[in-house]
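The block underneath contains the structure these notes are about, expressed in structure tokens.
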Amino acid sequence: MKLTQLKQQKVQVAYLFQKGLALHQQNKLQEAKVVYEQILKIHPDHFDSYALLGLLSGQTKQFTQAIDFLSKALQINPNHAETCFNKGLALKQLKRFDESIASYDKAITLKPDYAEAYFSRGNALQATKRFEEALASYDHAISIKQDYPDALYNRGIVLKELRRFEEALSSYKQAISIKPLFAEALNNQGLVLHELRRFEEALSSFDKAIEISPYLVEAYYNFGNALLELKRYDEAIVMYNKAIRIKPDYTEVLSNYGNALLELRRYEEAIASYKKAIRIKPDFIDAHYNLGNALIKLKRYDEALKSYRKVLEVKPDYEFLIGLLQYFEMVICDWENFEKQKNSILEKIHAKEKASEPFNIITFTDAPSAHRACSEIWCQEMFPSNISLGPIYKSSRKKKIILGYYSADFRNHAISFLIAELFEIHDREQFELIAFSFGPDVKDEIQPRLYTAFDQFIDVRNKSNQEVAILSRKIGIDIAIDLVGLTGDCRPGIFSFRAAPIQVNYLGYPGTMGANFIDYIIADHTLIPAKSEEFYAEKIIYLPNTYQANDRKKVISDKQFSRTELGLPEDSFVFCCFNNNHKILPTTFIGWMRILKTVKSSVMLLLEDNSWSEVNLKREAEKQGVEASRLIFVKRTSLTEHLARHRQADLFLDTFPYNAHTTASDALWAGLPLLTLMGESFASRVAASLLTAIDLPELITTTQEEYESLAIELATNPNKLKAIKTKLESNRLTAPLFDTPRFTKHLEEAYITMYERYHNDLPPDNIDIQDEPKSH
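Per our numbering, the sequence shown starts with residue 30, numbered consecutively.
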């Protein structure tokens with residue numbers, strides 16, 4: 030080619046390149062592309078045209094084509110940092126992360142101060158969950174370009190993933206200081222504050238994000254979630270509704286909207302919201318799980334179990350769910366998978382996996398080591414100790430020790446039926462009593478009695494755990510007594526903030542809470558023998574007779590139930606068990622059936638809890654060779670009438686490993702002997718504790734064979750059973766079990782000893798309260 034032609038060609042390419050570049054800068058991408066391609070027809074090795082075609086293809090989301098063009102450019106000039114960088118961007122879009130990282134590395138080698146390449150390299154590493162490497166890459170970018178808000182923002186995201194929340198918070202704050210209108214950073218700052226349980230600050234951060242960006246739907250969602258944590262459910266619903274207006278198919282919002290409705294007991298509306306989320310996203314397992322929880326509230330157990338099983342099909346390790354499934358299968362006495370699931374749950378707990386809530390495993394295993402391990406896993410995950418309120422500074426000794434009793438059950442509930450008189454007869458010269466009630470606001474028979482028993486009765490349903498802890502500190506609670514523990518509607522989070530200098534686990538939960546912020550558990554030597562102390566995270570208060578408070582004012586109705594009225598044969602021996610159905614396990618039930626087969630004219634009287642359990646138990650009876658008609662179910666009724674119908678039973682057969690607790694006291698108060706099987710765990714030794722306290726140790730057995738043998742003997746030896754009934758009647762008002770003033774004195778001595786240890790700068794320790802000698 031002649032020199033003149035080469036010169037003309039060079040001029041033409043230069044002209045076309047300037048034209049293409051101008052079109053590109055004007056965002057006329059298709060026209061620019063035509064020009065670049067025209068250049069390549071004239072000059073096939075034109076580096077800039079390939080490089081810019083690659084950039085343009087990336088802009089139009091044609092990433093495969095972008096990589097092709099950029100690769101051709103790099104064949105011509107392998108040492109062009111920006112082109113290596115752009116190729117890395119395109120590779121990342123195609124999720125070819127390792128190749129993307131390699132491209133960024135090449136760009137950085139060529140240009141060591143390339144902050145954007147370090148930033149994008151961090152993004153690719155973050156996408157592959159290589160968070161520590163991503164963090165280092167962001168740090169390099171920031172060291173080169175200190176006012177780099179996007180790098181600080183993404184650094185915060187990685188630190189949050191690493192659960193380094195304080196550092197993440199600092200990173201977001203720096204990003205916002207550089208770019209004050211950075212709504213996404215404000216939103217993410219709020220998320221970190223949420224993780225730190227600084228909910229009020231989180232609300233402020235979300236509010237600022239929304240002010241800057243009114244359509245930032247995630248901020249409304251997160252705002253609602255923080256309000257949910259603060260138990261401001263109506264306000265949470267407002268925020269969720271705003272999010273839904275912006276994004277009607279936002280399934281996470283619909284699910285948490287349902288959660289707010291669930292907390293407000295608007296169950297049908299909650300179910301509708303979960304189902305809407307599932308219609309949009311059929312495999313949304315959190316919505317299936319939440320739907321199960323709502324259905325449980327309505328006792329639609331069959332539907333709830335389907336929801337839970339759906340979750341486990343998709344995610345077999347869904348946190349704590351297999352234990353919940355097992356529990357509600359036990360509620361309906363569905364034992365098809367009982368042994369397999371039980372063993373699986375225990376294996377997972379042994380491996381420190383999040384398999385079950387603690388209460389659920391107490392119902393089916395007698396292993397106190399598993400109980401402690403499960404409680405520790407649960408509390409550490411759900412309610413870790415929180416030092417944000419700082420320590421409680423020691424005050425001088427007071428004339429009166431201020432006791433705080435915390436419960437969801439200040440109403441017609443088994444716990445209140447036991448403890449009401451204790452509240453009434455506490456020594457008001459030595460103690461001031463404050464109730465913190467976080468249960469439903471119901472107007473029932475016992476609530477007025479409870480209300481007047483306290484010096485103050487405070488409704489804290491709508492206060493957050495932190496707010497309740499702050500209020501407790503402000504009042505000056507000396508000893509906080511958690512009457513719920515880890516049962517339904519529990520709120521250990523209150524005590525995780527340290528509501529009081531001394532915190533106690535009592536009565537509601539039959540086992541250790543496994544929490545480092547609970548100082549003591551109230552028990553007795555039957556419940557927790559010395560060999561079992563290692564299975565309790567708390568120090569143990571040993572009361573001298575029994576741990577259980579009782580109420581001598583418990584009224585037994587004068588109504589005389591006939592056997593016919595209860596559906597009982599007139600001439601049968603009546604075994605009974607009024608424990609909740611979930612306590613009836615296969616081994617216990619099969620043992621009962623052997624007893625019924627041996628005692629030919631006997632029947633079993635049970636509490637009707639749900640239709641499924643009745644069907645399943647009758648079917649199981651038939652499988653064991655016992656006519657289903659020999660199982661007779663009675664409905665729940667008022668406590669006074671329930672106590673009265675105990676008169677038509679002959680012997681209460683206890684369950685194992687979760688014994689009768691309040692139901693055992695009810696039976697003994699009503700004069701009905703109770704036969705128990707004592708195991709190793711707290712829950713399996715309660716009835717033995719009560720029988721010891723009423724001086725009937727002959728009704729305590731330690732093996733299944735002994736339990737069945739004694740049941741048969743008492744049913745077939747009328748004189749022996751009559752002697753036991755006579756002894757029970759004699760002991761009922763003289764033995765320690767129902768001597769409430771005596772019990773109260775022992776419990777108060779325990780409180781005083783805890784208080785004195787604290788004021789003498791002594792750490793919590795086991796305390797053994799001695800019984801006073803009886804005067805003659």
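A virtual CB, placed ideally from N, CA and C, is assigned to each residue, including glycine.
What span of residues does the beta strand (DSSP E) with residue i cover, start to end?
i: N534; result: 531-534
i: A509; result: 508-511
i: E461; result: 460-466
i: S436; result: 430-436
Any idea what DSSP makes of residue i, helix, strand or coil?
i: M633; result: strand
i: K36; result: helix
i: C605; result: strand
i: E297; result: helix
i: V221; result: helix
i: L725; result: coil
i: F114; result: helix
i: S414; result: coil
i: V63; result: helix
i: G522; result: helix
i: Y303; result: helix
i: H805; result: Its pLDDT being 37, under 50, H805 is placed unreliably in this model, and the value from its coordinates should be taken loosely. Here H805 sits in coil by DSSP.
i: D695; result: helix
i: T730; result: strand
i: D797; result: strand
i: D488; result: strand
i: K371; result: helix
i: Q41; result: helix
i: I186; result: helix
Rounded to whole angstroms, what's the CA-CA distance from residue i to residue j? Just pull it up for me.
i: I416; j: E410; result: 16 Å
i: F46; j: I137; result: 28 Å
i: L743; j: E758; result: 17 Å
i: N217; j: E190; result: 12 Å
i: L762; j: N579; result: 12 Å
i: K624; j: A740; result: Before going on, a small fix: residue 624 reads as Ile here, not Lys. Cα-Cα distance, rounded: 7 Å.
i: H805; j: K629; result: Legend: pLDDT at H805 = 37, less than 50; position of this residue unreliable, value from coordinates given subsequently. Cα-Cα distance, rounded: 48 Å.
i: Y147; j: P141; result: 9 Å
i: I463; j: S336; result: 41 Å
i: F1; j: I421; result: There is simply no residue 1 to check, as the chain begins at 30 and stops at 805 in what is shown.
i: P747; j: A399; result: 41 Å
i: F446; j: S501; result: 25 Å
i: Q577; j: N534; result: 13 Å
i: L556; j: F767; result: 18 Å
i: K271; j: D134; result: 44 Å
i: L118; j: A102; result: 15 Å
i: K112; j: L120; result: Residue identity check: residue 112 is Thr in the sequence provided, not Lys. Going from the Cα of T112 to the Cα of L120 covers about 12 Å.
Where do the ends of the alpha helix (DSSP H) carrying residue i lie?
i: Q88; result: 76-88
i: E453; result: 443-454
i: A552; result: Run containing A552: none in the alpha helix (DSSP H); it sits in the beta strand (DSSP E), 549-553.
i: K202; result: 194-207
i: T782; result: 769-788
i: F618; result: 615-627
i: Y147; result: 144-156
i: L103; result: 92-105
i: I130; result: 126-139
Roughly how far, in whole angstroms, is the beta-carbon of residue i from the beta-carbon of residue j, given that I think they are within contact range, below 8 Å?
i: G543; j: A528; result: The Cβ separation is near 18 Å, so there is no contact.
i: S561; j: P397; result: 6 Å
i: V42; j: H75; result: 7 Å
i: T280; j: A316; result: 7 Å
i: K590; j: R674; result: Note that residue 590 corresponds to Phe in the displayed sequence, not to Lys. Sure, about 5 Å apart at Cβ, within 8 Å.
i: F526; j: L635; result: With a Cβ gap of about 42 Å, F526 and L635 do not count as contacting.
Using a beta-carbon distance below 8 Å, is residue i in contact with chain B?
i: Y565; result: Of the protein chains in this structure there is only one, and it is not chain B.
- Message: Any contact between the region 433-444 and the region 471-480? By contact I mean 3 or more CB pairs, one from each, below 8 Å.
- Response: By the Cβ rule, the region 433-444 counts as touching the region 471-480, because three or more pairs are nearer than 8 Å.
- Three or more C-beta pairs closer than 8 Å, one from the region 543-552 and one from the region 700-710: is that the case here? They do not touch, by the three-pair rule.
- Message: Counting beta carbon pairs with one atom in the region 601-608 and one in the region 668-685, are three or more of them shorter than 8 Å?
- Response: The region 668-685 vs the region 601-608: in contact.
- contact_flag[the region 54-71, the region 80-95] where n(CB pairs < 8 Å) is 3 or more: Taking 8 Å as the limit for Cβ pairs, the verdict is that the region 80-95 does touch the region 54-71.
- Count the C-beta pairs between the region 228-235 and the region 252-259 that are closer than 8 Å, then say yes if the count reaches three, no if not. Contact holds between the region 228-235 and the region 252-259, because three or more Cβ pairs, one in each stretch, are under 8 Å apart.
- Query: Is the region 508-527 close to the region 421-436, with three or more CB pairs under 8 Å?
  - Reply: As far as the Cβ criterion goes, the region 508-527 touches the region 421-436, which means the pair count is three or higher.
- Task: Decide if the region 377-386 is in contact with the region 485-497; the criterion is three or more beta carbon pairs, one per stretch, under 8 Å apart.
- Result: In short, these stretches do not touch, since the Cβ pair count stays below three.
- Query: With contact counted as at least three CB pairs below 8 Å, one residue from each stretch, are the region 769-785 and the region 504-517 in contact?
  - Reply: The answer is yes - the region 504-517 touches the region 769-785, with three or more Cβ pairs under 8 Å.
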